[in-house]
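Trainee:
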Amino acid sequence: MSLTVSLPSILARLADGHRALSAPGTTVGDAVADITRRFPPLAPRLIDEQGQPYPFVTFYLNDEDIRFTGGFASAVRDGDELTIVSAVAGG
Amino acid sequence: MTAALTSHTARAYPAPVLEREELLRYGRHLLLPEVAIDGQRRLKAARVLIVGAGGLGSPAALYLAAAGVGTLGLVDYDIVEVTNLQRQLLHGTRDVGRPKLDSARDRLHDTNPNVKLELHPTRLTAANALTIIRNYDLVLDGTDNFATRYLVNDACVLLGVPNVYGSIFRFDGQASVFATEHGPCYRCIYPEPPPPGLVPSCAEGGVLGVLPGLVGTIQATEAIKLILGIGTPLTGRLLLVNALDAQFRSVTVRRDPACPVCGTRELRELIDYDQFCASSGGPGAGLDAVPQIEPRELAIRRASGESIQLIDVREPHEWEIGRIDGAWLVPLHRLHSAIPQIDRNTPIAVYCKAGTRSALAVRDLKDAGFEEVWSVTGGILRWSREVDAGIPEY
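Protein chains in written order, with numbering that gives the first Met the number 0: chain A, 0 to 90; chain B, 0 to 393.
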C-alpha cells in the first residue's frame, strides 16, 4: 500500500520543504512512522510521548478525521490521501 | 441549509425598509434572485461582530460593510504598526500610530456610511465576551492567538451564536463555520491548543500578504450566506487553502461527542483561556522556565571580553536581513544535528527574531546536557532597539 501525505507549511519545513510525500503502510500509523523516520524533526511534531496524535494536529484520511476512524490504527488503501492539518492562530 | 440556520436567520432578521439611495447602491445584489430586496433587507437588519481588525478582519469588514450589513461590531485594542500594512487593508500609512478601530471606522464609513459601527476598543476576555457577543447575530473570528480563539469558540457555543472561523499562517489558510445548532465547534478539530511557542505567530513565521485577503473574504462570504440563508455553509467542513499550490479543498468536521463545549456540554461557563493555553503539554511545554539574558547585559559581557558563543536559530533568509556580529547561524530545525559542533565548555546565548524559537532551542540544549545557556530576551528585535540600531527590524 502507498498513500500520499500532505503537510502544511508549518511542518513542511521540517521535511526539507516537501509538502507532499509518498509513504508505504497498511495503517495511518505506518505511514506516519515512515515519514518521521525519513525526516526525524517531524517526529516530535506528529507523535506524542504515548505514540498518539496531539490534540492540536489533526490527521484526515481522505475526508475523515482519524480520531473517529481508529486513530493511527486506521487502515489505508492504496492511493489514499492523508492530509495533516496543524492548528495555527494567525489572523 | 439546515433547519436551524433557517430558523436562526428568520428569527434574527426582520425586514427594514431600503432607502432610495440603498436601492441604487445595492443594485447588483438586487439583481440576484438569491438576494433581491428581501435578502438586502436581511443584510441591513443583521448584526455581525468581527473580532480583530487585522489581516482577516480587514477584508471581511470591508466586504460586509460594502454588502450592506446593517451593524458591524469591531473588537480590537491594537495600534496600527508599519508591519501591519502589508496585509491589513483597513489601515493606511497615515494611520500608523493610531488605534486600529479609529482607522477602521474612517475606512468603513467611507466604504458605506449607511453601516452602523459599534467599536469595542478592548481585549476580548472571559469577563466581557458573553456581554459583547450576545448582542450580535454571528461572529467572525479574525483573532491572532489561540487563547482568544478558544474564548470566541466557547462563548459562541454557549450563546448559540454562529462563529465564522478563519486562520492563516505563511501560505496556508483555514476556514469553517462553527457553533451552529447541530454543527461542530473549534474544539472538535483542535481539542487543546499547542503549547506556547510551538506554533509561531505570523510575526515570527511570516504570512503572505494576500492570504488573509483570500481567507477573510471567504469568511465574509460565509457570513453573508448565513444571513441570507442561501447556499451550503461551511458548517461541518474545514476549508484548507494552499496559496502556494493554488489548491482549495475541504475535509469533514464532525461534532465530537466528547467535546466539553458542544458535545457533553460539561463546560457551562467561560474559563481562564490564558491559563488553558499556557498549560498545554507537548513539544513546546515548559518554555517559561528557560534561562534568559537581557540584550544589554549580553552586550556588556561580550564587550568586556567574556567568551560567549552566540547562536542564531533563525532561518537563512532572516539572517540575510541582519545579524549580530559574531553569531553562528544554526536554524532551529537543524539544531540537533549541530550539537556535536557546539563547545560544551563555553557559555551559549541563543537568539531568534523575538525570543520564542531561541527559548525552544535553549530548552533542547539544556536537555542535551549544556549547562550555561540562555535565550536572548526579545531576540534580535530587542537587540536592535537596545544595543545596535543598525540592525533593521522586520
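Note that the Cβ used here is the ideal one computed from N, Cα and C, for glycine as well.
The structure displayed is predicted, hence computed values, not measured ones.
With H, G and I counted as helix, E and B as strand and the rest as coil, what does DSSP make of P43(A)?
Mentor: Residue state, collapsed to three classes: helix.
Trainee: Within 9 Å of any Cβ in chain B, is that where the Cβ of D64(A) sits?
Mentor: Chain B, which has a Cβ nearer than 9 Å to the Cβ of D64(A), makes this yes.
Trainee: Would you kindly work out how many angstroms separate the C-alpha atoms of D15(A) and F38(A), rounded to a whole number?
Mentor: D15(A) and F38(A): Cα-Cα distance of roughly 8 Å.
Trainee: For the beta strand (DSSP E) that N241(B) lies in, which residues bound it at each end?
Mentor: N241(B) -> beta strand (DSSP E) spans R236 to N241.
Trainee: Using a Cβ-Cβ cutoff of less than 8 Å, which residues in the same chain neighbour K115(B) once the five nearest sequence positions on both sides are dropped?
Mentor: Here the set comprises G69, T70 and L71.
Trainee: For chain B, find out if any of its Cβ atoms is closer than 9 Å to the Cβ of L86(A); answer yes or no.
Mentor: Position check: residue 86(A) holds Ala in this sequence, whereas Leu was assumed. By this cut-off, A86(A) is an interface position.
Trainee: Check whether the Cβ atoms of V16(B) and L48(B) sit closer than 9 Å, and answer yes or no.
Mentor: Not closer than 9 Å, so no.
Trainee: Apart from the five residues just before and just after T121(B), which ones in its own chain have a Cβ nearer than 6 Å to its Cβ?
Mentor: Here the set comprises Y76.
Trainee: Taking 9 Å as the threshold (C-beta atoms), are V84(A) and I167(B) in contact?
Mentor: Contact flag unset, no.
Trainee: Can you check whether the C-beta of I167(B) is within less than 9 Å of a C-beta belonging to chain A?
Mentor: So, interface residue.
Trainee: What would DSSP say about I167(B), mapped onto helix, strand or coil?
Mentor: If DSSP states are grouped into helix, strand and coil, I167(B) belongs with the strands.
Trainee: Roughly how many whole angstroms lie between the Cα atoms of P346(B) and A302(B)?
Mentor: Between P346(B) and A302(B), the C-alpha separation is close to 15 Å.
Trainee: For Q308(B), which of helix, strand or coil comes out of DSSP?
Mentor: The answer is strand: DSSP assigns Q308(B) an E or B state.
Trainee: Does P7(A) come within less than 9 Å of chain B when only Cβ atoms are used?
Mentor: With 9 Å as the cut-off, P7(A) counts as an interface residue toward chain B.
Trainee: Give me the chain A residues within the contact set of G189(B), using Cβ-Cβ distance strictly less than 8 Å, ordered along the chain.
Mentor: Looking at the sequence itself, residue 189(B) is Tyr, so the reference to Gly does not match. Per Cβ cutoff of 8 Å: P54, F55, T57 and A86.
Trainee: In angstroms, rounded to a whole number, what distance separates the CA positions of I341(B) and F247(B)?
Mentor: Taking the straight line joining both Cα atoms gives about 43 Å.
Trainee: What residues match up with T57(A) in a beta bridge as DSSP calls it?
Mentor: T57(A) is bridged to V84(A).
Trainee: Tell me which residues share the same chain as R10(B) and place their Cβ nearer than 8 Å to its Cβ, disregarding the 5 neighbours each side in the sequence.
Mentor: Confidence in R10(B) is poor, its pLDDT being 46 and thus under 50, which makes the residue's placement unreliable; the coordinate value appears in the next sentence. Answer for R10(B): no residue qualifies.
Trainee: Are there three or more Cβ pairs, one per stretch, closer than 8 Å when the segment 172 to 189 of chain B is compared with the segment 17 to 36 of chain B?
Mentor: At 8 Å Cβ cutoff, the stretches do not touch.
Trainee: Since S200(B) meets chain A, which of its residues come closer than 8 Å, beta carbon to beta carbon?
Mentor: What S200(B) touches in chain A: A88 and G89.
Trainee: How is the beta strand (DSSP E) around V375(B) delimited, first residue to last?
Mentor: V372 to V375 is the extent of the beta strand (DSSP E) around V375(B).
Trainee: Output the boundary residues of the alpha helix (DSSP H) element that contains Y76(B).
Mentor: Per DSSP, Y76(B) belongs to no alpha helix (DSSP H) and is neither H nor E.
Trainee: What residue does the alpha helix (DSSP H) around Y393(B) start on, and which one ends it?
Mentor: Segment: none, Y393(B) is in no alpha helix (DSSP H) and carries neither H nor E.
Trainee: Looking at C-alpha atoms only, which residue of A222(B), C276(B) and P294(B) is the closest neighbour of D287(B)?
Mentor: It is C276(B).
Trainee: Taking Cβ-Cβ distances below 8 Å as the criterion, which residues of the segment 66 to 82 of chain A are in contact with chain B?
Mentor: The segment 66 to 82 of chain A vs chain B, Cβ under 8 Å: R66, F67 and T82.
Trainee: Which bits of chain A does N162(B) rub up against, with CB to CB less than 8 Å?
Mentor: Those within 8 Å of N162(B) in chain A number zero; the least Cβ separation is about 13 Å.
Trainee: Here's the rule I'm using: 16 or more other beta-carbon atoms within 10 Å means buried, otherwise exposed. How should T147(B) be labelled?
Mentor: Buried is the call here.
Trainee: Pull up the DSSP beta-bridge partners for F177(B), would you.
Mentor: Looking at the DSSP assignment, F177(B) forms a beta bridge with N162(B).
Trainee: For E80(A), I'd like the list of residues in its chain whose CB is within less than 6 Å of its CB, leaving aside the five on either flank, ordered along the chain.
Mentor: Excluding residues within five positions, the ones whose Cβ falls inside 6 Å are T3 and N61.
Trainee: Under a three-way DSSP split, which group does A38(A) fall into?
Mentor: Note on residue identity: the sequence assigns Phe, not Ala, to residue 38(A). Here F38(A) sits in coil by DSSP.
Trainee: Whose CA, out of A35(B), L107(B), F145(B) and V329(B), lies closest to the CA of T124(B)?
Mentor: It is F145(B).
Trainee: Ends of the beta strand (DSSP E) at F247(B)?
Mentor: It spans Q246 to T251 - the beta strand (DSSP E) in which F247(B) sits, taken as one unbroken run.
Trainee: Which value, in whole angstroms, describes the spacing of the CA atoms of T251(B) and G304(B)?
Mentor: Their backbone Cα atoms lie some 60 Å apart in a straight line.
Trainee: For my contact list, G56(B) and Q39(B) are in at a C-beta cut-off of 8 Å; report their separation, rounded to the angstrom.
Mentor: Their Cβ separation, rounded to whole angstroms, is 23 Å, which puts G56(B) and Q39(B) out of contact at 8 Å.
Trainee: Under the rule that 16 or more other beta-carbon atoms within 10 Å means buried, what is I270(B), buried or exposed?
Mentor: So I270(B) counts as exposed.
Trainee: Looking at the C-beta of P15(B), does it have a partner C-beta in chain A at a distance below 9 Å?
Mentor: Output row for P15(B): interface = no.
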